[in-house]
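The next block holds one structure in the form of structure tokens; read it before the comments.
There are 2 protein chains.
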Amino acid sequence: MLGLTGAGRAGPAPGRIAAMPATRSKRPLAREELQKILKGLRYEIYSGLRLPRERLVETELAEAYAVSRMMARQALNQLTQEGLVHQEPYRGALVAEISLPKICEKYQVAAMLEGYAAKLATKRLTPDDFQALAENLEQQRQLQVQDIQQWQEFNRQFHRIINYRCGNAQLIQMIRENSRFTSYWFIVLSAPGRITANVREHQKILQALRQKETEQARDMVEKHILEASEYLIEFLKKNIPVGVWRNGP
Amino acid sequence: MLGLTGAGRAGPAPGRIAAMPATRSKRPLAREELQKILKGLRYEIYSGLRLPRERLVETELAEAYAVSRMMARQALNQLTQEGLVHQEPYRGALVAEISLPKICEKYQVAAMLEGYAAKLATKRLTPDDFQALAENLEQQRQLQVQDIQQWQEFNRQFHRIINYRCGNAQLIQMIRENSRFTSYWFIVLSAPGRITANVREHQKILQALRQKETEQARDMVEKHILEASEYLIEFLKKNIPVGVWRNGP
DNA sequence: ATGAACAAGATTGTCAACAAAATAATTGTT
DNA sequence: AACAATTATTTTGTTGACAATCTTGTTCAT
Chain A
26 MLGLTGAGRA
36 GPAPGRIAAM
46 PATRSKRPLA
56 REELQKILKG
66 LRYEIYSGLR
76 LPRERLVETE
86 LAEAYAVSRM
96 MARQALNQLT
106 QEGLVHQEPY
116 RGALVAEISL
126 PKICEKYQVA
136 AMLEGYAAKL
146 ATKRLTPDDF
156 QALAENLEQQ
166 RQLQVQDIQQ
176 WQEFNRQFHR
186 IINYRCGNAQ
196 LIQMIRENSR
206 FTSYWFIVLS
216 APGRITANVR
226 EHQKILQALR
236 QKETEQARDM
246 VEKHILEASE
256 YLIEFLKKNI
266 PVGVWRNGP
Chain E
26 MLGLTGAGRA
36 GPAPGRIAAM
46 PATRSKRPLA
56 REELQKILKG
66 LRYEIYSGLR
76 LPRERLVETE
86 LAEAYAVSRM
96 MARQALNQLT
106 QEGLVHQEPY
116 RGALVAEISL
126 PKICEKYQVA
136 AMLEGYAAKL
146 ATKRLTPDDF
156 QALAENLEQQ
166 RQLQVQDIQQ
176 WQEFNRQFHR
186 IINYRCGNAQ
196 LIQMIRENSR
206 FTSYWFIVLS
216 APGRITANVR
226 EHQKILQALR
236 QKETEQARDM
246 VEKHILEASE
256 YLIEFLKKNI
266 PVGVWRNGP
């Protein structure tokens, strides 16, 4: 066995002057390259640039993103775990199919996660948080109907304040991963008229949180998200975007 | 763009007689090798054979499991994503530290997930399922106090029947991943005396499910798991196993 | 024509050698 | 002897070549 025994993590290498002032290293830091191709691919898939069932050839990706094939490979593995890509041995990777039932499931999970987060948060929200939430709501109310982009940002912020006060890092992690998916589709929810309803629900949620009505707060958040998702599903059924299957795997 | 356009997934390669009857291929099918080292490492970490902060050197693992270094590498990446291993660039991999707060979080998440699953399951459980649940409970009741291993199996089965009827594949997946962690620690719960209490709670849960009391079923499952976890935490506080930190990162 | 055998090309999976970084051991200086 | 600088060793990260597999295109017998 090696020297590093138990707790004694040897500090930074003792004798070593910082020889290079700015040029960190010759190698381009593959950690960042992986993030680059991951972000790029996620964007391309979510935004519809890469359609479901489209092939993702390793060499092509490697060239397109100017990374090694191994990096592309690793990125594909990661995306497979995230559910965006489907892989089969010796047959390569395709953009995963998105089906209406799958979207429903994702939103159901989101409702569960954020509802529980709200329940936990009732015991941990600070006066500062309530202040921030109230200000956020006030800004939402004053918003014009056409500021969809802006409202979306406020909406995300509102939920984020609550979620991040749940006190459970695992849960926060799960919410973040899940909402990587849902937040893309959320844009459709911003149909005019739907915004005012949302703001009203937000107000009720804030009220419940203030009065420490844990179960009520949870119920409200759950229903809030489920209702919004039903709206989205209804919309999608009428107006299916490219690459969404009605009843997929 | 390549040939594989749209839906037309070409079937299995047309002309090719099954030349080799049994010997599938020369290569040992690395897919299975990866599972081998993954399972082995998970077991070693969970069972305490590998303690937290212990170094996991790629070459050593490769030799120990008779796989290539790349396989060991891949396994470590996977385990890092699962949270069992901690990695730092150019410094290697250590067994992740387990802290009491982390265990609490995992159980809280389990309670949320399975509670919601129970809620959803009330609308989908079939008469056959109820039959199976009732039989399971009967067997639990007739169990002797010392049959801890056996009872654990029944307990897992009971919850599995409910969870798998939630109708949400995403949720099932999350439960499965989470319980990879919790199910190991669950063994401690089987303190004598605790079993009878558990069986009583199971009975109440079954009753609520039968009467389609969705919210009540959910509450009960949540409390059921949280209570059990409190018991476990209490036990761990007094009798900390090697490799569990009281307040870790 | 139809469809099976075969060959050619493309793509994925794996491994081993090499480069970069970190850690440990050694040497030299005060 | 204590500390800094250097060298050596170990370990990780990456690249490129090669093998296994799948896909496609062609040929040939029926």
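As they're listed, the protein sequences go chains A and E. If you're matching positions, the first sequence starts at 26 in this note's numbering and goes up one per residue. If you're matching positions, the second sequence starts at 26 in this note's numbering and goes up one per residue. We treat Cβ as the ideally placed atom computed from N, Cα and C, and that holds for glycine. Computed from a predicted model, the values in this text were never measured in an experiment.
Minimum Cβ-Cβ distance from residue i to chain A less than 8 Å
i                      : result
residue 63 of chain E  : no
residue 262 of chain E : no
Contacts around residue i, its chain only, beta-carbon distance under 6 Å, and the 5 residues preceding and following it disregarded
i                      : result
residue 209 of chain E : 71
residue 191 of chain A : 142, 145 and 146
residue 221 of chain E : none
residue 105 of chain A : 112
Selected residue, minimal CA-CA separation from residue i, among the options
i                      : options                      : result
residue 115 of chain A : A:254, A:123 and A:83        : A:83
residue 60 of chain A  : A:162, A:120 and A:103       : A:103
residue 202 of chain A : A:111, A:132 and A:112       : A:132
residue 165 of chain E : E:187, E:109, E:226 and E:80 : E:226
residue 237 of chain A : A:152, A:113, A:109 and A:92 : A:152
residue 57 of chain A  : A:91, A:195 and A:122        : A:91
residue 268 of chain A : A:109, A:112, A:67 and A:122 : A:122
residue 88 of chain E  : E:62, E:259, E:251 and E:239 : E:62
residue 135 of chain E : E:261, E:259 and E:251       : E:251
Closer than 7 Å at the beta carbon, the chain E residues around residue i
i                      : result
residue 141 of chain A : 137
Within chain A, partners of residue i - CB distance below 8 Å
i                      : result
residue 193 of chain E : 130, 133 and 134
Below-8 Å beta-carbon distance, residue i vs any chain E residue
i                      : result
residue 196 of chain A : yes
residue 56 of chain A  : yes
residue 106 of chain A : yes
residue 44 of chain A  : The predicted position of residue 44 of chain A is uncertain, since its pLDDT is 33 and thus under 50; no value can be drawn from it.
Chain E residues whose Cβ lies nearer than 8 Å to that of residue i
i                      : result
residue 114 of chain A : 56
Buried versus exposed, by CB contacts within 10 Å (16 or more), residue i
i                      : result
residue 160 of chain A : exposed
residue 264 of chain A : exposed
residue 272 of chain E : exposed
residue 207 of chain E : buried
residue 255 of chain A : exposed
residue 204 of chain E : buried
residue 194 of chain A : exposed
residue 245 of chain A : buried
residue 67 of chain A  : buried
residue 171 of chain E : exposed
residue 96 of chain E  : buried
7 Å Cβ shell around residue i - same chain, five flanking residues per side excluded
i                      : result
residue 184 of chain A : 139
residue 75 of chain A  : 69 and 120
residue 188 of chain E : 139, 142, 197 and 200
residue 175 of chain E : 168
residue 93 of chain E  : 87
Cutoff 8 Å; reference residue i; Cβ partners in own chain excluding five residues on either side
i                      : result
residue 117 of chain E : 80, 81, 82 and 83
residue 137 of chain A : 247
residue 162 of chain E : 183, 224, 227, 228 and 231
residue 270 of chain E : 77, 122, 123, 124 and 125
residue 234 of chain E : 143, 146, 147, 150, 155, 158, 187 and 242
residue 65 of chain A  : 90
residue 98 of chain A  : 83
residue 179 of chain A : 161, 164, 165 and 168
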